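Shown next, in structure tokens, is the structure this report addresses.
There are 4 protein chains.
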Amino acid sequence: MTTLQVSSQKQLRQLIEQIERLEEEKKALAGDIRDKYAEAKALGFDVKIMRKVISLRKKSQSDRQEEEAVLAVYLHALGMLDEPPAEPPSHIMDAAE
Amino acid sequence: MTTLQVSSQKQLRQLIEQIERLEEEKKALAGDIRDKYAEAKALGFDVKIMRKVISLRKKSQSDRQEEEAVLAVYLHALGMLDEPPAEPPSHIMDAAE
Amino acid sequence: MTTLQVSSQKQLRQLIEQIERLEEEKKALAGDIRDKYAEAKALGFDVKIMRKVISLRKKSQSDRQEEEAVLAVYLHALGMLDEPPAEPPSHIMDAAE
Amino acid sequence: MTTLQVSSQKQLRQLIEQIERLEEEKKALAGDIRDKYAEAKALGFDVKIMRKVISLRKKSQSDRQEEEAVLAVYLHALGMLDEPPAEPPSHIMDAAE
DNA sequence: AACGTTGAAATAGTTC
DNA sequence: GAACTATTTCAACGTT
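Chains as they are written, first to last, in numbering that gives the first Met the number 0: chain G, 0 to 96; chain V, 0 to 96; chain F, 0 to 96; chain X, 0 to 96.
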């Protein structure tokens, strides 16, 4: 069977149109966000830092701590950090023998 | 000055909260879209192909715009279009004798 | 375990140095490309149009590939292609009666 | 004059081909880098952190410090940091009155 | 030399 | 959990 039933065609068309409408709305919101950043920039704020702040707020604290712990271990391995890092949870250290 | 003025702090806080609100709405829309695809799948449609169709529709739209832009550039380069397309290219085809 | 094993440290260091070397080479090539454009400009060519031409060539290449992929998907969906395209889609066009 | 001299055409063609060759090489290097990261991942290293390490090495130290100072100011403005930040250079604080 | 624009690179999310 | 896609982020470029 190489064609859809007429009723299915109609359904499909509706679904696709609904999705496209939702995507347009999403795109509009993305534009609004861009505008907000532009506004902030015009007021003299540092947009890049603002993005960082917002992403920090999103990230859970534990995630951040874990990331920093691994980073410390790696920097230490490269001799870019004198103090050996404190005590990261074990499951992070796959590459350690 | 190690801190922002109180008025700036307030401004910053407002901007960030507005952005976060917009991002939430955007995320909600993404969820709606996901739901629509799930609905389609439940009705027996192939979601992968639907995505392809939608992206093709998007692409053909932007392609058409791009094509027109390129055409304008070329026509202008050949002196067949008085108005420079979008931004004024300074010296077109100097290498032509 | 707060630090990596010495052997892992060594491995990590090597990987990072290799990557940094590759990135330098990449950067050098980017410089070469810039030089080429400068040369072209000095010869009187319109760099902007050249860029457009090159990007069009790239795009038409990938477009052609995309088109073929989509075509394969559709043909398969219509049962006119035995081999599934790339990955085997599990159930094509269930909504067809 | 709507066409290039034959000699110019030839020149243009050569330049474009040279650029396309350079871009291919660049692309190949990007692939090599991706492979290296894949290798690292297979050995159990955290690729995301490796990227961070490499970008830290690239960034000049002063850049990093400036960024952190501004971030501290913003976090303080949002009440996410109790201690007032130390002493960032003045030119960063445009939005402060 | 800052600005916006564009294209590439990286990350996040989704699917199987 | 591996691969693919989509989104976001970052850097280069031309422009004003």
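No residue lacks a Cβ here, since even glycine has one placed at the ideal position from N, Cα and C.
The structure presented is a predicted model; accordingly, all values stated were derived computationally and were not measured.
query	result
Secondary structure of Ser-6 of chain X, DSSP reduced to three states	helix
Where the segment 64 to 78 of chain X meets chain V: residues whose CB sits under 8 Å from a CB there	Val-72, Tyr-73, His-75, Ala-76, Leu-77
Three-way DSSP call (helix, strand, coil) for Leu-28 of chain F in this model	helix
Backbone CA spacing between Ile-15 of chain V and Ile-53 of chain G [nearest angstrom]	7 Å
Pick from F:Val-72, F:Leu-55, F:His-75, F:Ser-61 that is closest to Thr-68 of chain V, judged by C-alpha positions	The identity of residue 68 of chain V in the sequence shown is Ala, whereas the question assumes Thr. Among F:Val-72, F:Leu-55, F:His-75, F:Ser-61, the Cα nearest to that of Ala-68 of chain V is on F:Leu-55.
Within 9 Å, strictly: CB atoms of Ile-48 of chain X and Glu-66 of chain G	yes
Limits of the unbroken alpha helix (DSSP H) element including Asp-62 of chain X	60 to 76
C-beta neighbour in chain V for Ala-85 of chain X, strict 9 Å	yes
DSSP state of Asp-81 of chain G mapped onto helix, strand, coil	coil
Contacts that Lys-51 of chain V makes with chain F (C-beta to C-beta distance below 7 Å)	Val-69, Val-72
Distance between Leu-80 of chain X and Gln-64 of chain X (C-alpha atoms, nearest Å)	17 Å
Any C-beta of chain G under 9 Å from that of Arg-20 of chain F	no
Residue burial classification, Val-72 of chain G (beta-carbon count within 10 angstroms, cutoff 16)	buried
Residue interval of the alpha helix (DSSP H) (run including Leu-113 of chain X)	Chain X is shown from 0 up to 96; residue 113 of chain X falls before or after that span and cannot be answered.
Spatial neighbours of Thr-2 of chain V in its chain, beta-carbon cut-off 7 Å, leaving aside the 5 residues before and after	none
Buried or exposed (CB count within 10 angstroms, at least 16 for buried), Asp-13 of chain V	Checking the displayed sequence, the identity of residue 13 of chain V turns out to be Gln instead of Asp. Looking at its Cβ environment, which holds fewer than 16 other Cβ atoms inside 10 Å, Gln-13 of chain V is exposed.
Chain F contact residues for Glu-38 of chain X, given Cβ-Cβ distances below 8 Å	Leu-14
Distance, Gly-43 of chain V Cα to Arg-50 of chain V Cα	14 Å
CA-to-CA distance, Leu-70 of chain X to Pro-170 of chain X, given in whole angstroms	Because chain X here runs from 0 to 96, residue 170 of chain X falls outside it and cannot be looked at.
Where Gln-8 of chain F falls, given that 16 or more other Cβ within 10 Å makes a residue buried	buried
Amino acids of chain X, ordered along the chain, whose beta-carbon sits closer than 7 Å to that of Gln-8 of chain V	Ala-76
Beta-carbon proximity of Ala-76 of chain X to Leu-28 of chain V, cut-off 9 Å	no
Partner residues on chain G for Leu-11 of chain F, Cβ-Cβ distance less than 9 Å	Tyr-73, Ala-76, Leu-77, Ala-94
Proximity test, Cβ basis, 9 Å: Leu-28 of chain V and chain G	yes
Glu-24 of chain G CB to nearest heavy atom of the ligand PLP below 8 Å	In the structure shown, the ligand PLP is absent, as is every other ligand, since no ligand is present at all.
Short CB-CB distance (under 9 Å) between Leu-3 of chain F and chain G	yes
Sub-9 Å separation of Gln-17 of chain G and Lys-57 of chain V beta-carbons	no
Test item: CB-CB of Lys-25 of chain V and Lys-25 of chain G under 9 Å	yes
Asp-62 of chain X versus Ser-59 of chain V: straight-line alpha-carbon distance, rounded	43 Å
Three-state secondary structure assigned by DSSP to Leu-42 of chain X	coil
Span separating the alpha-carbon of Gln-4 of chain F from that of Val-46 of chain X	18 Å
9 Å Cβ cutoff, Lys-47 of chain V in contact with chain F	yes
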